[in-house]
Structure formats: C-alpha cells, structure tokens
Amino acid sequence: MTDIRYVAPQTLDEAVGAYAAAGSAARILAGGTDLLVQMRSGAVQPGLIVDIKKIKELTAVEELSDGGFRFGAAVPGAVLAEHPHFGKIWPGVLEAVNLIGSTQVQGRASAGGNLCNASPAGDSVPAMIAAGAVVTVQGPSGRRELKVEDVPAAPGRTNLKPGEILVFFTLPPRPPGSGDAYLRMIPRTEMDIAVVGCGVSLTLKDGVCTHARVGLGAVAPTALLVAPAAQALIGSRLDDAALNAAANACRAACRPIDDKRGTIAYRTQIAGVLLKRTVKIAAERAQGK
Amino acid sequence: MAKLHVSTTVNGEPLEFLCEPFETMLDALRNQLALTGSKEGCASGDCGACSITLDDRLVCSCLMLAAEAEGREIRTIEGMARGGRLHPLQEKFLEQAALQCGICTSGMLVASEALLRKNPDPSEEEVRFWLAGNLCRCTGYDKIVRAVLETATEMREAAQ
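Chain order of the listed sequences is A and B. 1 is the number of the first residue of the first sequence in the numbering used here; add one for each residue after it. 1001 is the number of the first residue of the second sequence in the numbering used here; add one for each residue after it.
Printed below as a string of structure tokens:
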C-alpha cells in the first residue's frame, strides 16, 4: 500500500479530472465506511483516493422550490436526519438511510456510498427506488441523470462510466396524501444486513391508491423496481386482494441466493410478507396517521 | 511516496503531524500522537472502541483517514477530563463499576458523552440504540446503560 495518493479537491471538476486520470485504480472516498474496510482487508488497493467531502454540491441538503429535495451523494445519514423537513416528507427514505450501521457509521456513511457500493442488500436503495429518486452523475464528458434502479449493475458493480462521480440525489415533489416506508428482515434486532428489504411509496386519494412504487432489496443481484407490484396497488383501496396480488408480484420478482442469512424459499416468502407490512405503514403515513 | 502534512485540532490543541495517505485516524492518534486511549478492537467499524468526535460528530477513527483531519476538530477520550477533573460520566462509570476489562470503555465514554450533548434526557431505549455500535464482551451492558442514565439525571439536576 505504498503507492497510494490522497486528494481532497474543492471542486467537482477537479475531482472528476483526478478520478478519471487515475483510471480503475482510483476510489471515491465519501464516508469511507465501506472503502476503509475493503482497503484494510486487502480487497481494494487504490492508487488514488479522491475525498469528495470538500465539494459543496456533494455535501448539501436542499429543499427545492417545487417541493422536491436534492441532497449530495456524500451527505452522512446523521446529517440527513437533522434536516428539519426531510424526514417529515420522506420518512421511509430516512429510516432506510438511518438503518445503515451504528451511530458512529451514521456520522459518516452516505446514501451515495451505499448506492455505489452496489451491495444487493444496501438498505437505502429499495427506499430510494420506491421514492422515484434520480441521481445526477458527472464525468469527463459532462453530466447525466440516471434512475436509482438503473445505477447498480451487479453485486459490487455500477453502471457509472469510467471517471463518473455520483453528485446528488433528487427526490420528486410529493402530492398531498403521500407516504413512504422501508422495512427490512434481519435475524437480529439491530446492526445487521438485510435478508430482504422492501421500500414502498404511495399516494392515496379518497382512500384509493393513485400512485405507487415498490423497491425490493437482497432478493436479486441488484435492488429491484417491482412495477407489477405497484400496478397491483394502483386503483385499489389497498384491500386484501390488492395486497395479495402485490405480494405475489414481489415474490415473482425474486431471484435470490441461498446463503447463511436466508434460503431462496425464505427470502421469496418474506418479500411478500414485508410488502404487505410496508404498504400498511406507507398508507398510514399517507393518511397522516 | 511523500507523507502528507496535516494541521488539525485535537482536544482543543492545534497540532500538526505527518501521515501516510492510507493511514487511519486511529493509527495516527495512537502511533504519531501518542494518544493511546482510543483502542483498536475490530478495525472495521463494528465495535466502537476507537470512537472519537470529528467536528462534534461521533465517528469510528478506524474508518477515517488521518488526512481527513486537516482543518477539522478532533476530540478523544484524552480530552474528556478537564483541568484534572474527571467528566461526570467517567466518575459514574467508576462508581458503578460500568467496566471490566476496559477495552471498550473509552469508546463507550466518548459515545455516551456525544449522546448527552445531543440529548440530555435520553430514555433507556435511546441509550441502548445510541450505543449499539459499542460492543462490550464483559459487562452485559446493564451497568453501562445505568451509569449513562444516572449521569444524565445528575447532569440535568446540576444544570438547574
């Protein structure tokens, strides 16, 4: 590990320039809660570490004039939790981000890092997918936008191009009667990795679901947008028939692995159970309960 | 490869040190600055024995590069006692025997102090959640949680 360089540029252009020039040996440092562990274990030996936390756009939380939110890819979970409005409008996204690790990890770990680490079990990702979040990335050939569900490519791999850095997340404005929630199944009560994670965002009008999005984590190589589950909810009063149809759609979307955390059959079963529970919480929030 | 020069503040004192680009803050504290109160338990952010505050925010010093301390304010267990007097949490940990082998203790104290600064009146559940990233293999946590809650009560009373 003797040839490592560390830079902490003040501007995004400098960061992209340094990151792109260093090629595949470069790593982005946001909270470092994955990177430093990977370096320590020898899994990653970066030639260049680009610390992005001195760049304003990557560390700001902004409420937009249209009612949406924008927050930097390097914003730690604890900072997002301290924002006066974010958690009121996106409680599901916030609880998902805040489930990542301990108080100490929350002081550093970011949603951007969680997404780019591309673990199938990353907690914030299904909630962000459900929220309809979009990321803005910047690379040597400029800026582009990606839906969150299009960022992970495989375990540990993203669809970002060489030299591209995730800059910020944008969450859309919320119509009245909207709510979101995130639940995960873990065998312990805290400090664990999801066996299944489920994010739901929905809007109710006069008791009828007019909009829904469902994200699932830890049941496939990447977190998934489950459009058929959302379609089963939209137009319904979230009655048992709709919930069962949505739960079955979630189970049908599962392509999980068998491992020490859960079997294929268990993860698939739980995906449907969590969908129902998560919808219930999101609906209560949508109704202001 | 040239070492990096870092200017920072540790426990209120401005200081400078040299570090390798890949060196963690924990290694710099222990090996460069002779501040060995912060412990290495797991080196992967799971145990909390290396807890410090960075600009008043609780972090694991094993998950932070020393180079990131540039221009920031670090506080460690060594800065907790002021003017030769122990912090009320330190006194309570001793009084209640809220420690056995002691490896987790500085991390527990730094984390608990950060909690009480943010929330002077935590519930037992809030204490347990806050300290979920500080592992102790000796005490079973009960004495630690009780010591934090009693300190909180006494500090609130003293502030009135």
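Every residue gets a Cβ at the ideal spot worked out from N, C-alpha and C, and that includes glycine. Computed from a predicted model, the values in this text were never measured in an experiment.
When the cut-off is 8 Å and only beta carbons count, does residue i lie next to chain B?
i	result
S102(A)	yes
M1(A)	Bear in mind that a pLDDT of 49 at M1(A), under 50, signals an unreliable position, so the model cannot answer this.
A78(A)	yes
R188(A)	no
R40(A)	yes
M185(A)	no
M191(A)	yes
A15(A)	no
Between residue i and residue j, which are expected to be in contact by the criterion C-beta below 8 Å, what is the C-beta distance as a whole number of angstroms?
i	j	result
A253(A)	V226(A)	5 Å
Q104(A)	G1102(B)	About 19 Å separates the two Cβ atoms, so there is no contact after all.
D1055(B)	R1072(B)	5 Å
L1109(B)	I1077(B)	6 Å
L238(A)	A283(A)	6 Å
G132(A)	R70(A)	Rounded, the Cβ-Cβ distance is 14 Å, inconsistent with contact.
G107(A)	P76(A)	6 Å
Y182(A)	A229(A)	Not a contact, Cβ separation roughly 15 Å.
M1155(B)	L1116(B)	7 Å
L58(A)	A81(A)	Actually they do not touch by this definition, with Cβ atoms about 18 Å apart.
What does residue i reach in chain A if we use C-beta pairs closer than 9 Å?
i	result
E1068(B)	Y6, A8, L29, G32, D51, K53
Using the beta-carbon of each residue, which ones in chain B are nearer than 8 Å to residue i?
i	result
G107(A)	L1054, R1057, L1058, V1059
Which residue's Cα is closest to the Cα of residue i: the options?
i	options	result
P187(A)	G262(A), V208(A), P140(A)	G262(A)
S1181(B)	S1051(B), S1061(B), L1086(B), T1139(B)	With chain B covering 1001 to 1160 only, the question about residue 1181(B) has no answer from this structure.
C1062(B)	C1042(B), E1078(B), I1074(B)	C1042(B)
I1144(B)	V1010(B), P1120(B), A1111(B)	A1111(B)
G197(A)	T203(A), H83(A), A218(A), M191(A)	A218(A)
A247(A)	P256(A), V16(A), I270(A), A181(A)	I270(A)
A1152(B)	T1036(B), E1113(B), A1097(B), Q1096(B)	E1113(B)
S141(A)	A20(A), L274(A), I4(A), P173(A)	A20(A)
A1067(B)	F168(A), A220(A), I4(A)	I4(A)
L1094(B)	L1018(B), S1007(B), A1147(B), L1015(B)	A1147(B)
K161(A)	T170(A), N98(A), L171(A), D150(A)	D150(A)
V137(A)	M128(A), V279(A), V148(A)	V148(A)
S290(A)	V7(A), G177(A), L224(A), V200(A)	No information on residue 290(A) is available, as it lies outside the stretch 1 to 289 that chain A covers here.
G113(A)	H85(A), G92(A), T158(A)	T158(A)
E62(A)	Q45(A), V279(A), F168(A), R143(A)	F168(A)
Could you list which residues in chain A have their beta carbon closer than 8 Å to that of residue i, in chain order?
i	result
L1065(B)	Y6, L29, G32, L36, I49, D51
A1049(B)	In chain order: nothing, as chain A lies at least about 10 Å away.
Are the C-beta of residue i and some C-beta of chain A separated by less than 8 Å?
i	result
A1152(B)	no
T1024(B)	yes
G1012(B)	no
P1021(B)	yes
A1111(B)	yes
A1132(B)	yes
A1147(B)	no
L1004(B)	yes
For residue i, which residues in chain E fall below 7 Å Cβ to Cβ?
i	result
S1044(B)	Absent from the structure: chain E. Protein chains present are A and B.
What I want to know is whether the C-beta of residue i ends up closer than 7 Å to one or more non-hydrogen atoms of the ligand ZN.
i	result
I270(A)	Among the components modelled here there is no ligand, and therefore nothing to report on the ligand ZN.
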